[in-house]
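Heads up, the thing below is written out as structure tokens.
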Amino acid sequence: MSERPVPQLPATMRVFERGWLSANNILFAEGDDTVLVDTGYVTHAPQTVALVATALQGRPLARVINTHLHSDHCGGNAALQARWQPRTAIPAAEAAAVAAWDTEALSYKATGQQCDRFTFDSVLSDGDTLRLGGIDWQVVAAPGHDPHAVMLFAPAERILISGDALWENGFGVIFPELEGESGFAEQAAVLARIAQLDVRVVIPGHGSMFTDVAAAVERAQGRLAYLSADPSRNAAHAVKVLVKFKLLEAQRMTLAALAAWMEAAPLMAHMRERFMPEQQMAEIFAQTVGALARVGAAQIEGEWVVNRD
């Protein structure tokens, strides 16, 4: 089977497809105006800095933009700021939490994830227009996966930087619903908004660029209907995602260490109490690791659990 063609992008744009621990990075370069959208996870920060430095060939990075502030999208901010002091723009609703470095409000404490402290210079609000790579981009609010997330849409080029609001096959965990807040309705509205935009190519937060936007939206709507029909499905999925993310970070852990991390993560305890009260955490842990092993996402080797891509 032949590989599908790579969508054409303007010469001022470049996408670094990173995987699932780090979000994709989008680099814009037009003269001295160099901008990186999303910066990956903190343990990949040296790699992110190296990718940007190589691509810019001696030019400094002038700006950083974050679609949202989950750890896999902004974990490289601090390292990039240390190297080049870029002006950094974040979603407006996150400004107070970043200024105070409130790791609980920013989700890092709840999820048991890491993110080095960074600063910001400006904020992004729905309806703003940004100039990136010589192209006008509209800031589009994208609550659902994260209540403060934004997307970037270039009407002239018909390109959408969707963050975790839409992937080729799905979208990110609907985190607000795990906390008893609304998220399914917001995700449905975001998918409807994407369907109304005239999009030629989507650059998602994870995975490859794609052009069959209508099919991706339809798949996402089906997935959302399944999850919203029984919110415990969203919680069970979130547990697997968070454990897999930890394995992506560590690559190899003892079963005891991974179980201890799961016990210590506040969001895990909250999900157990809210959605799985009849189960002990040890039982949920065994089920989750077993499920990951069955689909080839992890391998149990004696007392160890090893990540498998």
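Numbering (the UniProt record's numbering), first residue to last: 1 to 309. Quick reminder that beta carbons are idealized off the backbone N, C-alpha and C, glycines included. All values derive from a computational prediction rather than experimental measurement.
(message) Suppose only complete runs of 4+ residues qualify. What are the alpha helix (DSSP H) ranges in the region 23-67, listed by chain order?
(response) 45-56
(request) Check Ala-298 in the structure and name its three-state DSSP category. (result) Here residue 298 corresponds to residue number 298 of the sequence shown, with the count starting at 1. Here Ala-298 sits in strand by DSSP.
(message) My parser needs the beta strand (DSSP E) runs of 3 or more residues fully inside the region 79-144; what are they?
(response) 87-91, 122-124, 129-132 and 135-141
(message) Quick check on Gly-76: buried or exposed, where buried means 16 or more other Cβ atoms within 10 Å of its Cβ?
(response) Within the sequence shown, residue 76 is the residue found at index 76, counting from 1. Buried: at least 16 other Cβ atoms inside 10 Å.
(message) Rounded to whole angstroms, what is the Cα-Cα separation between His-206 and Glu-273?
(response) Sequence index remark: in the sequence shown, residue 206 carries index 206 (1-based). Sequence index remark: in the sequence shown, residue 273 carries index 273 (1-based). Distance between the alpha carbons of His-206 and Glu-273: 30 Å.
(request) Output the residue ranges of the alpha helix (DSSP H) runs that lie fully inside the region 192-248 and measure 4 residues or longer, sorted by chain position. (result) 213-229
(request) Return the chain-ordered list of same chain residues with a C-beta closer than 7 Å to the C-beta of Leu-292, the five sequence neighbours on each side being excluded. (result) In the sequence shown, the residue the question calls residue 292 occupies position 292. Lys-240, Val-243, Lys-244 and Ala-298, listed in sequence order.
(message) Buried or exposed for Pro-143, going by 16 or more other Cβ atoms inside 10 Å?
(response) Mapped onto the sequence shown, residue 143 falls at position 143. Buried: at least 16 other Cβ atoms inside 10 Å.
(request) Count the C-beta pairs between the region 35-49 and the region 91-103 that are closer than 8 Å, then say yes if the count reaches three, no if not. (result) no
(message) Are the CB atoms of Asp-116 and Gly-79 within a distance shorter than 9 Å?
(response) Numbered from its first residue, the sequence shown carries residue 79 at position 79. Numbered from its first residue, the sequence shown carries residue 116 at position 116. Before going on, a small fix: residue 79 reads as Ala here, not Gly. Their beta carbons are under 9 Å apart, which means Ala-79 touches Asp-116 by this criterion.
(request) Indicate whether Pro-231 and Glu-177 have their beta-carbon atoms separated by less than 9 Å. (result) Counted from its first residue, the sequence shown places residue 231 at position 231. Counted from its first residue, the sequence shown places residue 177 at position 177. Contact flag set, yes.
(request) Could you tell me if Gln-57 is buried or exposed, where buried requires 16 or more neighbouring beta carbons within 10 angstroms of its beta carbon? (result) In the sequence shown, counting from the first residue as 1, residue 57 sits at position 57. Under this definition Gln-57 is an exposed residue.
(request) Kindly provide the ranges of any beta strand (DSSP E) runs that are 3 or more residues long and lie completely inside the region 156-181, ordered along the chain. (result) 159-163
(message) Given this structure, state the Cα-to-Cα distance separating Pro-86 from Leu-255, to the nearest angstrom.
(response) Taking the first residue of the sequence shown as position 1, residue 86 is located at position 86. Taking the first residue of the sequence shown as position 1, residue 255 is located at position 255. Cα-Cα distance, rounded: 40 Å.
(request) Whole angstroms is fine: what's the gap from Arg-4's alpha carbon to Ala-215's? (result) Looking up residue 4 in the sequence shown gives position 4. Looking up residue 215 in the sequence shown gives position 215. Arg-4 and Ala-215: Cα-Cα distance of roughly 16 Å.
(message) With H, G and I counted as helix, E and B as strand and the rest as coil, what does DSSP make of Thr-12?
(response) Numbered from its first residue, the sequence shown carries residue 12 at position 12. Coil.
(request) On the DSSP bridge assignment, give the partners of Thr-254 in chain order. (result) For the purposes of this step, residue 254 is taken as the residue at position 254 of the sequence shown. Beta-bridge pairing links Thr-254 to Trp-304.
(request) Flag Asp-38 as yes if its beta-carbon sits less than 9 Å from any beta-carbon of chain C, otherwise no. (result) Considering every chain present, this structure includes no chain C. It has just one protein chain.
(request) With a 10 Å radius around its C-beta and 16 neighbouring C-beta atoms as the bar for buried, classify Trp-137 as buried or exposed. (result) On the sequence shown, position 137 is the one that residue 137 refers to. By the 10 Å Cβ count, Trp-137 comes out buried.
(message) By the DSSP assignment, the alpha helix (DSSP H) with Met-271 in it spans what residues?
(response) What you label residue 271 is simply residue 271 of the sequence shown in a count that begins at 1. Start and end: 266-275.
(request) Assuming Leu-160 contacts Phe-153 (C-beta within less than 8 Å), just tell me the rounded distance between them. (result) The sequence position of residue 160 within the sequence shown is 160, counting from 1. The sequence position of residue 153 within the sequence shown is 153, counting from 1. Leu-160 to Phe-153, Cβ: 5 Å. Contact.
(request) Count the other CB atoms, across all protein chains shown, that sit within 10 Å of the CB of Asp-146; report buried if there are 16 or more and exposed otherwise. (result) Indexing the sequence shown from 1 puts residue 146 at position 146. Its Cβ being crowded by 16 or more others within 10 Å, Asp-146 is buried.
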